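K.L.:
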Amino acid sequence: MIKVDSRLVRSCWEKIELAQYQQEYVAVFYHTLFQQHPHLRVLFPSDLKAQERKLLETLNQVINGLQYLEELKESLLELGRKHQDLNIDPALFEVVTGVSVVALKRVLDSNITQEELLAWEQAFRAVSAIMLQGYSGEQSRFGRQPIAIIK
Ligand code: HEM
């Protein structure tokens, strides 16, 4: 069961918004991903600006709609299908979840609690699970964990 405390996830995002760190967060996210996993760099275009913008847009939609995640489900399933078309290995979603937490710590420094970090991690895991449900065939089994959103 993936339990997501939506209040804590929003409090993380509010801290980022208050400091106007949204762009920085997505930039640090990709920087951290390629620092820890350099072989993944070739999967992305050399100019990351558009990619950063798209990720930011998805994060805004998901975090603001966390309590109504069902309504976002179709677009996340579609995003998952795109990732399968890109041949993204389902195991990499857990890698990206880890990176999302490291990036949050880097951007907010000490202004974040353990509980908030855990909530953030679980939110990424939940989004990943829905995206993986969008995978077809045998690979969709990686998205089978049930999700509970705590309001
Ligand atoms: C929570 C998980 C993830 C989210 C929210 C996410 C979000 C996105 C979004 C919004 C796009 C743009 C799709 C479009 O152009 O319509 C994208 C593209 C892409 N994602 Fe992800 N992604 C996730 C996981 C991953 C993982 C695990 C990988 C593997 C390294 C990955 C690699 C890529 C690549 C290679 C592209 C296409 C880049 C390009 O050529 O433009 N993503 N992702």
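The opening position of the sequence shown corresponds to residue 196 in the working numbering, with each subsequent residue numbered one higher. The C-beta atom is built at its ideal place from N, Cα and C for all residues, glycine as well. Since the structure is predicted, the reported quantities are computational estimates derived from the model, not experimental observations.
Between S295 and E316, what straight-line distance do the alpha-carbon atoms span, to the nearest angstrom?
P.N.:
7 Å
K.L.:
Going by beta-carbon coordinates alone, are G275 and G329 separated by less than 8 Å?
P.N.:
yes
K.L.:
In the DSSP output, what is I342 paired with across the bridge?
P.N.:
I197, per the DSSP bridge assignment.
K.L.:
Evaluate P285 with the Cβ neighbour count: other Cβ atoms within 10 Å of its Cβ, from every protein chain shown; 16 or more gives buried, anything less gives exposed.
P.N.:
buried
K.L.:
Tell whether a beta-carbon distance below 8 Å holds between V204 and I342.
P.N.:
no
K.L.:
Is it right to say V237 is buried, meaning 16 or more other beta carbons lie within 10 angstroms of its own, or is it exposed?
P.N.:
exposed
K.L.:
In whole angstroms, give me the CA-to-CA distance for G260 and L267.
P.N.:
7 Å
K.L.:
Please identify the residue among M326, I258, V291 whose C-alpha is closest to the C-alpha of S201.
P.N.:
Nearest C-alpha to S201: I258.
K.L.:
Rounded to whole angstroms, what's the CA-CA distance from V221 to E247? Just pull it up for me.
P.N.:
6 Å
K.L.:
Find the nearest neighbour of A321 within the set T227, D280, C207, R339, judged by alpha-carbon distance.
P.N.:
R339
K.L.:
In angstroms, rounded to a whole number, what distance separates the CA positions of R301 and R336?
P.N.:
32 Å
K.L.:
What are the boundary residues of the alpha helix (DSSP H) that includes R248?
P.N.:
Counting along the chain, the unbroken alpha helix (DSSP H) around R248 starts and ends at 244-259.
K.L.:
In this structure, how does DSSP classify A214 when only helix, strand and coil are distinguished?
P.N.:
coil
K.L.:
With a CB to CB cut of under 6 Å and the five nearest residues on each side skipped, what residues in its chain are close to L299?
P.N.:
W315
K.L.:
Flag P233 as yes when its Cβ comes closer than 7 Å to any non-hydrogen atom of the ligand HEM, and as no otherwise.
P.N.:
Short note on P233: C-beta not closer than 7 Å to any heavy atom of the ligand HEM.
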